[in-house]
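>
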Amino acid sequence: MRFKKDDSRYFLKLERGEDVLEALLRFAGETGVVSGSLTGIGAVADPVIGYYDLARKAYLRHELRGEYEVVSLTGSLSESEGRPMPHLHVVLSGPDGAARAGHLFSARVSLTLEAAFQSYPWPLVRKPDPDTGLKLLDLP
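Per the working numbering: the sequence shown = residues 1233 to 1372.
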């Protein structure tokens, strides 16, 4: 992963073979940035995406095989229990042109992944929400 910085904005380029979420955690560690939002495009292999079933309070995971175009990657970087926590959603397109979308659990960069990241001067903190079973943003 490489990145450029301008004020509170960064542009990231992830390389082939990198794990998307691990790269974002590395970015947070190298820069000290723990709150912000990002958008991106690129291509990934073998992504695992999911849908949150509120009634079950559990994610339904879908393990996709093969290479997919990242039509849209959006999300945030926040803190949970003192550690950086990426929260990403993705829209993917496969060889058939059909779109698949959901919460991104994992994916490896297959070609490249480019992302614009805007850091915030205030912390974004996630705390467990008993009603949903999720770690939701706690904005005072």
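C-beta: ideal position from N, C-alpha, C; glycine also.
Which whole-angstrom value is the C-beta distance of Leu1309 and Gly1268, which I expect to be below 8 Å?
Here the question's residue 1309 lines up with position 77 in the sequence shown. Here the question's residue 1268 lines up with position 36 in the sequence shown. So it is a contact: roughly 5 Å between Cβ atoms.
> In the DSSP assignment, find the unbroken beta strand (DSSP E) run with Arg1258 in it and report its ends.
The residue given as residue 1258 occupies position 26 in the sequence shown. Taken as a continuous stretch (DSSP letters only), Arg1258 belongs to no beta strand (DSSP E), being part of the alpha helix (DSSP H) at Val1252 to Thr1263.
> If I follow the unbroken beta strand (DSSP E) through Ser1240, where does it start and stop?
Along the sequence shown, one-based indexing puts residue 1240 at 8. DSSP places Ser1240 in no beta strand (DSSP E); its state is neither H nor E.
> Would a C-beta distance cut-off of 8 Å place Phe1299 and Ser1342 closer than the cut-off?
The residue given as residue 1299 occupies position 67 in the sequence shown. The residue given as residue 1342 occupies position 110 in the sequence shown. For the record, residue 1299 in the displayed sequence is Glu; it is not Phe. Yes, the Cβ-Cβ distance between Glu1299 and Ser1342 is below 8 Å.
> Runs of 3 residues minimum, wholly inside the region 1333-1362: which ones carry the beta strand (DSSP E) assignment?
1358-1361
> For Pro1355, tell me which candidate among Ala1348, Glu1346 and Leu1371 has the shortest Cα-Cα distance.
By one-based count along the sequence shown, residue 1355 stands at place 123. That would be Leu1371, whose Cα lies nearest to the Cα of Pro1355.
> Using 8 Å as the threshold, is the region 1238-1256 in touch with the region 1333-1352, meaning 3 or more CB pairs across them?
The region 1238-1256, when compared against the region 1333-1352, does touch it at the 8 Å Cβ threshold.
> Helix or strand or just coil, what does DSSP make of Gly1268?
Along the sequence shown, read from residue 1 onward, the residue named residue 1268 stands at position 36. In this structure, Gly1268 counts as strand in the three-state DSSP scheme.
> When you compare each of Leu1257, Arg1234 and Ser1338 to Gly1314 by their alpha carbons, which one comes out closest?
Start at 1 with the first residue of the sequence shown, and residue 1314 comes out as number 82. Nearest option by C-alpha distance: Leu1257.
> Output the boundary residues of the beta strand (DSSP E) element that contains Arg1293.
Numbered from 1 along the sequence shown, position 61 holds the residue referred to as residue 1293. Note, Arg1293: beta strand (DSSP E), Ala1290 to Glu1295.
> So what does Ala1277 bridge to, in DSSP terms?
Counted from its first residue, the sequence shown places residue 1277 at position 45. Ala1277 has Glu1299 and Arg1340 as its beta-bridge partners, per DSSP.
> Would you call Ala1260 buried or exposed, if buried means 16 or more other Cβ atoms sit within 10 Å of its Cβ?
Along the sequence shown, read from residue 1 onward, the residue named residue 1260 stands at position 28. Answer is buried; the Cβ neighbour count reaches 16.
> By the DSSP assignment, the beta strand (DSSP E) with Leu1320 in it spans what residues?
Counting from one through the sequence shown, the residue named residue 1320 turns up at place 88. Following the DSSP letters along the chain, one finds Leu1320 inside the beta strand (DSSP E) bounded by residues Arg1315 to Ser1325.
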